[in-house]
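Here the sequence shown stands for residues 42 to 197, numbered as in my numbering. This report refers to the structure that appears directly beneath it.
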Amino acid sequence: MRMDRIDRKILALLEADGRLTVTELAQRVGLTPAPCHRRLRELERSGVIRGYRAVVDPAALGLGFEVLVSVTMDREDAGTITEFERSLATVPEVRHAERLFGDPDYLVRVATADIAAYQRLRDEKLATLPGVQRLTSTIVMKRVVNERPFPMDRPR
């Protein structure tokens, strides 16, 4: 989808406040509600906007202990990778996981109540996933940049 300046402004505004009404959004981008609504629906239909959600404070849920886990695989055949990724996706404490080029093979962000809960998760679930050779855990001290909006002023 080709996006213009107005589409990018719509995206920037929604990243900052996903609860804006179409009327508020239209006012801020200089359109009437109908064309703004059409643009918004097209951004959703084309997959540029993948969804809407509330950003929840993990500490408020008792899950303020975060760990970045580097996963090195002992084998990387297609079956093992597929099974590892499928199994990893079933672990509720996993907040984010990425497959990487190079070493480590995966970087996984997990949230637990405390270090004891993480230790159980690591030993009983993560270390037993298919193909895992090594887990390296790094405790998150502080988030410096957190879910920053994408820069919208760059042309494609």
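Note that CB positions come from ideal geometry on N, CA and C, so glycine has one too. Quick caveat, the model's predicted, so the values are computed rather than measured.
Residues near residue i by beta carbon distance below 6 angstroms, same chain, minus five either side
| i | result |
| --- | --- |
| Thr177 | Ser111 |
| Glu107 | Ala152 and Val181 |
Assigned exposure category for residue i - 16 Cβ within 10 Å defines buried
| i | result |
| --- | --- |
| Met114 | buried |
| Gly172 | buried |
| Arg94 | exposed |
| Glu188 | exposed |
| Ala67 | buried |
| Glu134 | buried |
Nearest-angstrom Cβ-Cβ length linking residue i and residue j, presumed shorter than 8 angstroms
| i | j | result |
| --- | --- | --- |
| Val151 | Arg175 | Incorrect: roughly 16 angstroms between the Cβ atoms, too far for contact. |
| Ala154 | Gly103 | 5 angstroms |
| Met193 | Ala53 | 4 angstroms |
| Thr179 | Leu109 | 5 angstroms |
Cβ-based neighbour list, residue i, same chain, cut-off 7 angstroms, excluding 5 preceding and 5 following
| i | result |
| --- | --- |
| Ala57 | Pro190 |
| Asp48 | Arg80 and Leu84 |
| Leu141 | Tyr147 and Leu148 |
| Ala119 | none |
8 angstroms Cβ shell around residue i - same chain, five flanking residues per side excluded
| i | result |
| --- | --- |
| Ile51 | Leu66, Val70, Cys77, Arg80, Leu81 and Leu84 |
| Ser87 | Met42 |
Within the stretch 94-125, ranges of the beta strand (DSSP E) (whole runs, at least 3 residues) = 106-114
key: At least three beta-carbon pairs within less than 8 angstroms, the stretch 119-135 to the stretch 155-171   = yes
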